[in-house]
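Peer 1: Just remember that my numbering sits 159 ahead of the position in the sequence shown, which is counted from 1.
Every residue, glycine too, gets a C-beta built ideally from N, C-alpha and C.
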Amino acid sequence: MDTAEVEGRAHAPSFDRALEEPVAGSVPVGPGVPLVITEGNYLLYEAGPWAAVRPLLDEAWFLAPDDGLRVRRLVDRHVRHGRARPYAREWVACSDEANARLIAPGRSRADLVVE
Numbered sequence: 160m161d162t163a164e165v166e167g168r169a170h171a172p173s174f175d176r177a178l179e180e181p182v183a184g185s186v187p188v189g190p191g192v193p194l195v196i197t198e199g200n201y202l203l204y205e206a207g208p209w210a211a212v213r214p215l216l217d218e219a220w221f222l223a224p225d226d227g228l229r230v231r232r233l234v235d236r237h238v239r240h241g242r243a244r245p246y247a248r249e250w251v252a253c254s255d256e257a258n259a260r261l262i263a264p265g266r267s268r269a270d271l272v273v274e
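This is the structure in structure tokens:
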């Protein structure tokens, strides 16, 4: 790997479910990558530093599944990552649902809403 290749590379974060934390700089993205697909609850959020993200995206989709299906999938994901189902339900009801309400207005900034 030469110096130019290293200098042209960006590093994107990942998310570690075991830690429930992002891991900065863990995904190298080289200059030859033609398409980057990212996901995140706050990419269409209109407040604070997040408001500057949308203009950087060529296209943004907002995924809006049925609330019941979304909640079931969230609970199941927490269970798959080692949480007890009662704890997972409580976490989703408090933390995940608060985030869902916060980001919901961002759907108006999306190019496509997938129901």
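1) When we look at the beta-carbon of Val234 and count the other beta-carbons within 10 Å, is it buried (16 or more) or exposed?
2) With 16 as the cutoff for other CB atoms within 10 Å, does Gly227 come out buried or exposed?
3) Let me know the secondary structure DSSP gives Glu179 once reduced to three states.
4) Going by C-alpha to C-alpha distance, which of Asn200, Phe174, Arg176, His170 sits closest to Gly189?
5) Could you have a look at Ala223 and say whether DSSP puts it in helix, strand or coil?
Peer 2: In short, the structure shows the following:
1) Counted from its first residue, the sequence shown places residue 234 at position 75. When all chains shown are included, Val234 counts as buried.
2) Position 68 of the sequence shown, counted from the start, is the residue given in the question as residue 227. The residue is exposed, with fewer than 16 neighbouring Cβ atoms inside 10 Å.
3) As a first step, residue 179 must be located in the sequence shown, where it is residue number 20. DSSP places Glu179 in coil when its eight states are reduced to three.
4) Translated into the one-based positions of the sequence shown, residue 189 becomes position 30. With distances taken between Cα atoms, Gly189 lies closest to His170.
5) Taking the sequence shown and counting its residues from 1, the one referred to as residue 223 is at position 64. Ala223: coil per DSSP, three-state reduction.
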